[in-house]
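Student: Read left to right, the sequence shown gives residues -6 to 455 (the working numbering). Where a beta carbon is used, it is the ideal one built from N, C-alpha and C, also for glycine. The structure displayed is predicted, hence computed values, not measured ones.
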Amino acid sequence: MTNAQIPEDGPPSEMQADLETITSLAKRRGFVFPSAEIYGGFAAAYDYGPLGVELKRNIRDRWWRAMVQERDDVVGLEAAIITNPAVWVASGHVAEFTDPLVECLSCQGRFRADHVEANTCPNCGTVGKFSEPRKFNMMLSTIVGPVADESGRAFMRPETAQGMFVNFDNVQTTTRKRLPFGVAQIGKSFRNEITVKQFIFRTREFEQMEMEYFCHPATSLETHAYWKKERLRWYYSLGIRPQHLRLRDHRPDELSHYSKATADIEVHYPWGWGEVEGIAHRGAYDLTQHATHSGKRLTYFDPDTNEHLVPHVVEPAAGVDRIMLTLMLEAYEEQHLDGGDSRVVMHFAPAIAPVTVAILPLSRKDTLEPTARRIWEMLRPTFRTQYDDAQSIGRRYRRQDEIGTPLCVTVDFETLTDDAVTIRERDTMAQIRVPIAGLIGALQGRLAALEPRVPSLDEIEV
Ligand code: ATP
């Protein structure tokens, strides 16, 4: 498997779903609802429903396992969302976290200048009638404490990264980690985005998964190259097809002044290539800034060379919501079956599927229910389960296909005499009969076989 450098325009998308299809499936099946819908919603805010929270949780868990628990060089952190405003002065966000805003002089619509195509107003279609771009700070703020004046002004963090920088010394001294080591965090971030569109791709409240990897300045470019591959590999492991992923190195004119290199992992969305994760080389910028502004020493003592140095930082930064949208688009397939029937299948990898095993008694008759419920109880500690006994078995299979449940367990009248059940597979619709005594092992085996193959680092070309 490779990710050969794909040409700028990329391949035509093989994602079958368009955004409307996924948005409506998400609402219909309880993945994502418009926020506070009974009040008419709220611009670009969403509430995650029962299946959406499971999917998000699985994405976070996969990331945390790969980035923290399975490694010996990364530890976790959870920092406050609203913290000392001095952090955001030092980081440069108060002065510089801006997007260029233009206003259409015809309809007064406001847009991010780089989101306006062909000098045409996305709202009213007027060509070439925009105000000069002005800097618009994207941080959301609030007042902390009982006195409603500016002295209480504080910011909602626009990224989780600064929590790792301001805690660099605390983490390093308590864990006694030696370079290179990373600090990872998952949590909400807030940005007052000018234009919000494309469902959960860009919202004002969203969740980030970021890791600051501190390393010796001499090895930082190598480290950056390593993380590009490692992160790409993680997306393959979720079942995203290589032709829908690419790594795009930033051009020198796109780099921040302190960055030696940045690459984005991009996904081919129905509207074109878009960033799902940024892998930035932040140099010594953040630690230096915080040392200067706080007056505290933020250096690392290298016991091998007896020198104090300011580590460089490589930062893979991803968005949970954006990954969830990517996975839903990627998983969707509408299949036309023999006999004129059709079905919608979400081909989620088992590790991220909201439900892994559904338990379906063939009939609602009282005779099957106790056995089916007993099997459900037996499976709950090991799998993410759902029990469904409403309507015909065919319709129940379709419902499970549409939410991406890899396996269904059907309990029928024979079960009462042969102590066996049928496992039905989502992707092939194949059915096999297995004894209840060996059911957990059989299901685990099937699920493992359905996981995408994870390539080794050597197999990935970037
Ligand atoms: P963009 O160019 O799309 O605005 P960015 O380069 O500002 O994104 P980063 O600061 O690199 O984004 O943030 C890291 C990740 O956080 C992004 O790759 C994305 O997955 C996620 N993210 C950033 N902004 C948003 C948002 N407004 N809504 C949802 N996810 C976001």
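Let me know the alpha helix (DSSP H) ranges lying completely inside the region 359 to 383, each 4 residues or longer, listed in chain order.
Tutor: The region 359 to 383 contains these whole alpha helix (DSSP H) runs: 362 to 372.
Student: Starting from D412 and walking both ways along the alpha helix (DSSP H), at which residues does that stretch end?
Tutor: Taken as a continuous stretch (DSSP letters only), D412 belongs to no alpha helix (DSSP H), as it is neither H nor E.
Student: Leaving out five residues on either side along the sequence, give the residues of the same chain with a beta carbon under 7 Å from the beta carbon of V427.
Tutor: Closer than 7 Å at Cβ, skipping near neighbours: A413, V414, I416 and A435.
Student: Buried or exposed for T255, going by 16 or more other Cβ atoms inside 10 Å?
Tutor: Result: buried.
Student: Which residue marks the beginning of the beta strand (DSSP E) containing F174, and which one marks its end?
Tutor: Counting along the chain, the beta strand (DSSP E) containing F174 begins and ends at F174 to F183.
Student: Measure the CB-CB distance between M437 and A311 and report whether it falls below 8 Å.
Tutor: Note that residue 437 corresponds to Gln in the displayed sequence, not to Met. For Q437 and A311, no; Cβs fall outside 8 Å.
Student: Assign P5 to buried or exposed, taking buried as 16 or more other Cβ atoms, counted over all protein chains shown, within 10 Å of its Cβ.
Tutor: Per-residue confidence for P5 stands at a pLDDT of 45, beneath the threshold of 50, marking its modelled position as unreliable; no derived number is given.
Student: What span of residues does the beta strand (DSSP E) with W264 cover, start to end?
Tutor: W264 -> no beta strand (DSSP E), and no H or E assigned at all.
Student: How would you call S84, buried or exposed, if buried means at least 16 neighbouring beta carbons within 10 angstroms?
Tutor: Answer is buried; the Cβ neighbour count reaches 16.
Student: Are the CB atoms of P151 and F104 within a distance shorter than 8 Å?
Tutor: Cβ atoms of F104 and P151: not closer than 8 Å.
Student: Could you spell out where the beta strand (DSSP E) holding R464 opens and where it closes?
Tutor: Residue 464 lies beyond the stretch modelled for the chain, which goes from -6 to 455, so this question has no answer here.
Student: Would you say G180 touches the ligand ATP, meaning its beta carbon is less than 7 Å from a heavy atom?
Tutor: Flag unset: Cβ of G180 not near the ligand ATP.
Student: For the ligand ATP, is there any heavy atom lying closer than 7 Å to the beta carbon of A147?
Tutor: No; taking the cut-off as 7 Å, the Cβ of A147 has no heavy atom of the ligand ATP nearer than that.
Student: Output the residue ranges of the beta strand (DSSP E) runs that lie fully inside the region 199 to 246 and measure 3 residues or longer, sorted by chain position.
Tutor: Counting whole runs of 3 or more residues, the region 199 to 246 contains the beta strand (DSSP E) stretches 238 to 242.
Student: Can you list, in chain order, the residues of its chain with a C-beta nearer than 7 Å to that of N(-4)? Leave out the 5 residues immediately preceding and following it.
Tutor: Here N(-4) scores only 41 on pLDDT, less than 50, and its place in the model is too uncertain to base an answer on.
Student: Measuring only the C-alpha atoms, how far is I(-1) from N77?
Tutor: Note on I(-1): pLDDT 38, under 50, position unreliable in the model; no value is reported.
Student: Which same chain residues end up closer than 8 Å to H209 when comparing Cβ atoms and leaving out the 5 residues on each side of it in sequence?
Tutor: Excluding positions up to five away in sequence, the list reads L172, P173, D295, L302, P304 and H305.
Student: S6 by DSSP, collapsed to three states: which one?
Tutor: Annotation note: pLDDT 48 at S6 (below 50); position unreliable, no value reported.
Student: Quick check on L355: does DSSP put it in helix, strand or coil?
Tutor: Of the three classes helix, strand and coil, the one that applies to L355 here is coil, per DSSP.
Student: Tell me whether the beta-carbon of V122 lies closer than 8 Å to the beta-carbon of L98.
Tutor: First, the amino acid is wrong: residue 122 is Lys here, not Val. Yes, they are a contact pair.
Student: Taking 8 Å as the cut-off, decide whether the C-beta atoms of W369 and I352 are in contact.
Tutor: In this structure, I352 lies closer than 8 Å to W369 by Cβ.
Student: Residues in the same chain with beta-carbon distance under 7 Å from V140, minus the five sequence neighbours each way, listed in chain order, please.
Tutor: Taken in chain order, the list of residues that qualify is empty.
Student: State whether the region 389 to 405 contacts the region 337 to 356, with contact taken as three or more CB pairs (one from each stretch) at a distance under 8 Å.
Tutor: Segments in contact, yes.
Student: According to DSSP, is E1 helix, strand or coil?
Tutor: With a pLDDT of only 42 at E1, under 50, the local geometry of the prediction cannot be trusted, and the value read off the model is given with reservation. The answer is coil: DSSP assigns E1 none of H, G, I, E or B.
Student: Using the beta-carbon count (16 or more within 10 Å), is V176 buried or exposed?
Tutor: Buried, since its Cβ has 16 or more Cβ neighbours within 10 Å.
Student: Which one of T196, G180 and Q178 has the shortest CA to CA distance from E186?
Tutor: The option with the nearest alpha carbon to E186 is T196.
Student: Let me make sure I understand the geometry here. Which of R290, M131 and N130 has the alpha-carbon closest to that of T166?
Tutor: If we check each option's Cα against that of T166, R290 comes out closest.
Student: Tell me whether H329 sits in a helix, a strand or coil according to DSSP, three-state version.
Tutor: In the structure shown, H329 sits in a strand (DSSP, three-state: E or B).
Student: Pairing CB atoms from the region 67 to 76 with CB atoms from the region 154 to 170, are three or more of them under 8 Å?
Tutor: Segments in contact, yes.
Student: Check the DSSP bridge columns for T135 and list the partner residues they point to.
Tutor: BP columns for T135 point to A147.
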